[in-house]
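Asker:
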Amino acid sequence: MTRDEVLRLDRAHVWHPYTPMGAYRTSDPLVIERASGVFLHDKDGRRYFDANSSWWVAALGHSHPRLVRALTEQAQTLAHCALAGIAHEPASKLAAELCRLTEGAHSHVFFTDNGSTALEAAMKMAVQYWAQSGAPAKTRFVALNGAFHGDTIGVAALGGVEVFRRPFAGILLDCFHAPTPEESSYAQTFEAIAHELKHHGSSIAAVVVEPVVQGANGMWMYPPALLSALRAVCDRYDVLLVIDEVFAGYGRTGQMWASEHAGIWGDLMCIGKTLGSMLPLGAVLASPRVERAFLGDASRAFYYGHTFCGHPLATSVALEVLSVFRDEALVQRAQQMEAAMRPRFASLAELRDVERVRVLGAIAALDLRDDASGYLAKGGWRVYEEARKRGAYLRPLGNTVYVCPPLVSTDDELAAMLDIVEESVRASIAPAKR
Ligand SMILES: *Cc1c(COP(=O)(O)O)cnc(C)c1O
972 MTRDEVLRLD
982 RAHVWHPYTP
992 MGAYRTSDPL
1002 VIERASGVFL
1012 HDKDGRRYFD
1022 ANSSWWVAAL
1032 GHSHPRLVRA
1042 LTEQAQTLAH
1052 CALAGIAHEP
1062 ASKLAAELCR
1072 LTEGAHSHVF
1082 FTDNGSTALE
1092 AAMKMAVQYW
1102 AQSGAPAKTR
1112 FVALNGAFHG
1122 DTIGVAALGG
1132 VEVFRRPFAG
1142 ILLDCFHAPT
1152 PEESSYAQTF
1162 EAIAHELKHH
1172 GSSIAAVVVE
1182 PVVQGANGMW
1192 MYPPALLSAL
1202 RAVCDRYDVL
1212 LVIDEVFAGY
1222 GRTGQMWASE
1232 HAGIWGDLMC
1242 IGKTLGSMLP
1252 LGAVLASPRV
1262 ERAFLGDASR
1272 AFYYGHTFCG
1282 HPLATSVALE
1292 VLSVFRDEAL
1302 VQRAQQMEAA
1312 MRPRFASLAE
1322 LRDVERVRVL
1332 GAIAALDLRD
1342 DASGYLAKGG
1352 WRVYEEARKR
1362 GAYLRPLGNT
1372 VYVCPPLVST
1382 DDELAAMLDI
1392 VEESVRASIA
1402 PAKR
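Numbering of the sequence shown is given in the numbering used here, commencing with residue 972 and proceeding in unit increments.
#1: Is the separation between the beta-carbon of TYR1193 and that of TYR1157 shorter than 8 Å?
#2: Quick check on ALA1386: buried or exposed, where buried means 16 or more other Cβ atoms within 10 Å of its Cβ?
#3: Closest to ALA1229 by C-alpha separation, out of THR1381, LEU1072 and LEU1250, would be which residue?
#4: Opposite CYS1146 in the DSSP bridges: which residues?
#5: Please give the ranges of any beta strand (DSSP E) in the region 998-1074, keeping only runs that are unbroken, at least 3 residues long and fully inside the region.
#6: Look at the Cβ atom of GLU1309, then the Cβ atom of GLY1225, and state whether they are nearer than 8 Å.
#7: Ligand 1 heavy atoms versus the CB of VAL1288: any closer than 7 Å?
#8: Terminal residues of the continuous alpha helix (DSSP H) containing THR1286?
#9: At a cut of 8 Å, does the region 1375-1382 reach the region 1021-1034 through at least three beta carbon pairs?
#10: Around ligand 1, which residues pass a check of Cβ closer than 5 Å to any of its heavy atoms?
#11: Would you kindly work out how many angstroms separate the C-alpha atoms of VAL1009 and ARG1207, rounded to a whole number?
#12: Taking the DSSP output, what are the residues bridged to ARG1329?
#13: Is it a yes or a no for the region 1322-1330 touching the region 1210-1217, going by three-plus beta-carbon pairs under 8 Å?
#14: As a quick exercise: from GLY1032, ALA1317, PRO1314 and PHE1273, pick the residue whose alpha carbon is nearest that of PHE1082.
#15: Taking just the CA atoms, how far does ALA1203 sit from HIS1148?
#16: Do HIS984 and PRO952 count as a contact pair if the criterion is CB distance below 8 Å?
#17: Sort out for me which residues DSSP pairs ASP1383 with in a bridge.
#18: Buried or exposed: where does TRP1026 fall if 16 or more other Cβ atoms within 10 Å of its Cβ makes it buried?
#19: Once the 5 residues before and after VAL1134 are set aside, which same chain residues still bring their CB inside 8 Å of it?
#20: What are the complete beta strand (DSSP E) segments, minimum 3 residues, inside the region 1151-1197?
#21: For my contact list, GLY1350 and LEU1339 are in at a C-beta cut-off of 8 Å; report their separation, rounded to the angstrom.
#22: Cutting at 7 Å between CB atoms, please list the residues of its own chain near PRO1107, excluding the five before and the five after it.
#23: Considering Cα atoms alone, identify which of THR1381, ARG1366 and LEU1256 is closest to GLY1189.
#24: When the Cα atoms are used, what is the spatial distance from PHE1316 to ALA1289?
#25: Leaving out five residues on either side along the sequence, give the residues of the same chain with a beta carbon under 7 Å from the beta carbon of HIS1051.
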């Protein structure tokens, strides 16, 4: 098909996620034909560095040969079967490997098929855990302003990004939102949560947080000390801690798990995105304490599951992802990328319209000063257009321009991408102010 033919069908029939569809109809979207390594290739033969790893997934780049091999081999052996009461090799090996990678803090892995449902399952596990542990009143949640934990109705209650919440505000579960460290200080965040737990802990099932970096609200970063303080206060008031590593896990912050910056583990840990890398997969890692509460009479079981839970293709690719992480030392690579990106972003901080530059592991972000703030701000989209002309895909979060490149990027690829970011930011700032 030609580019125009694809676009004609697309405009007539595809409802795009996170896309104002009115404006989309008259826009000029990328039409991607194929992707390999760190590049997306469009229908016109142009290539774009995938600066956000295609929604934070492709840490191994696109079509990594080892993942493609794992996928095709698995497809010829066992392409699909249910996981309800059935065991298969890829799911069992992957679960064991994930438990090993969290040093035994978690003993069992519950598979879902995306990040939102991993969080959704964790919320249900937390509530049912307390119901079966003599504390049925513990049903509420605590989360942070600016949090993003996915889009199903349950997890939308945890979410703290105002535009995403607003249409559903009237039907969401009860959740206490603490100010983020970004709005105040991490001590104030901690105080707000500690106060809530102290006075209402008997009604709270869990505190849910993205560790060290709040991704979707604009790459807001906070000190690991907050995480360790939250672990301690959850223990003190007997509240579960759910850590959402869906974005921050898999080396993105320079440690395999962002929790490791604080030296803590959650009672439940949710993962997704890079976990399946090119196939949809999510998982909840549960501590032995939580898992044990579901044993005994059949009525105590966790009656939850999605058709494609622990899909053989996705779990076999996920196993290979972990072995590529080991063989290509990708966690160390994220640390090297941090060192390379830090000075480049620091120099951008000197531009007049740039503020709040931040870098952690293989994540670098800056905010543009703009009339509007928040997710609907337009500033980042000017940079997006400039970057597109220069050969990089740089989808912004409102005024936040950020990169989270594939961890397999070479030094040269990374440097070329950073050049594009710099030129694009400069080009999008009014000439008098550059
Ligand atoms: C993306 C994301 C989710 C949701 O994952 P989906 O696969 O999009 O459902 C949950 N939590 C965090 C921190 C995320 O970044």
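Here a beta-carbon is modelled for each residue, glycine too, at the ideal position from N, C-alpha and C.
Answerer: Looking at the atomic coordinates:
#1: Pairing TYR1193 with TYR1157 gives a Cβ-Cβ distance under 8 Å.
#2: Exposed: under 16 other Cβ atoms inside 10 Å.
#3: Nearest option by C-alpha distance: LEU1072.
#4: For CYS1146, the beta-bridge partners assigned by DSSP are PHE1112.
#5: Those beta strand (DSSP E) runs which fall completely within the region 998-1074 and span 3+ residues are 1003-1007, 1010-1013 and 1018-1021.
#6: Yes.
#7: Flag unset: Cβ of VAL1288 not near ligand 1.
#8: Unbroken alpha helix (DSSP H) run through THR1286: 1283-1298.
#9: With a cut-off of 8 Å, the region 1021-1034 and the region 1375-1382 count as touching, because enough Cβ pairs lie within range.
#10: After applying the 5 Å Cβ criterion, the set is ASN1085, GLY1086, SER1087, HIS1120, GLY1121, GLU1181, GLY1186, ASP1215, VAL1217, PHE1218 and GLY1243.
#11: So the two alpha carbons sit approximately 45 Å from each other.
#12: Under the DSSP definition of a beta bridge, ARG1329 partners with ALA1336.
#13: With the cut-off at 8 Å, the region 1322-1330 and the region 1210-1217 do not touch.
#14: It is PHE1273 whose Cα lies nearest to the Cα of PHE1082.
#15: Distance between HIS1148 and ALA1203, taken at the CA atoms: about 19 Å.
#16: A question about residue 952 goes unanswered here, because the residues of the chain that appear run from 972 up to 1405.
#17: In the DSSP assignment, no residue is bridged to ASP1383.
#18: With fewer than 16 neighbouring CB atoms inside 10 Å of its own CB, TRP1026 falls in the exposed class.
#19: Once the five neighbours on either side are set aside, the close Cβ partners of VAL1134 are GLY1345, TYR1346 and LEU1347.
#20: As for any beta strand (DSSP E) of minimum length 3 sitting wholly inside the region 1151-1197, the runs are 1175-1180, ordered along the chain.
#21: In this structure GLY1350 touches LEU1339 by the C-beta definition: roughly 4 Å separates them, less than 8 Å.
#22: Within the same chain, PRO1107 has close Cβ partners TRP1101.
#23: Nearest of THR1381, ARG1366 and LEU1256 to GLY1189, Cα basis: ARG1366.
#24: Between PHE1316 and ALA1289, the C-alpha separation is close to 32 Å.
#25: Result list for HIS1051: HIS1282 and PRO1283, in chain order.
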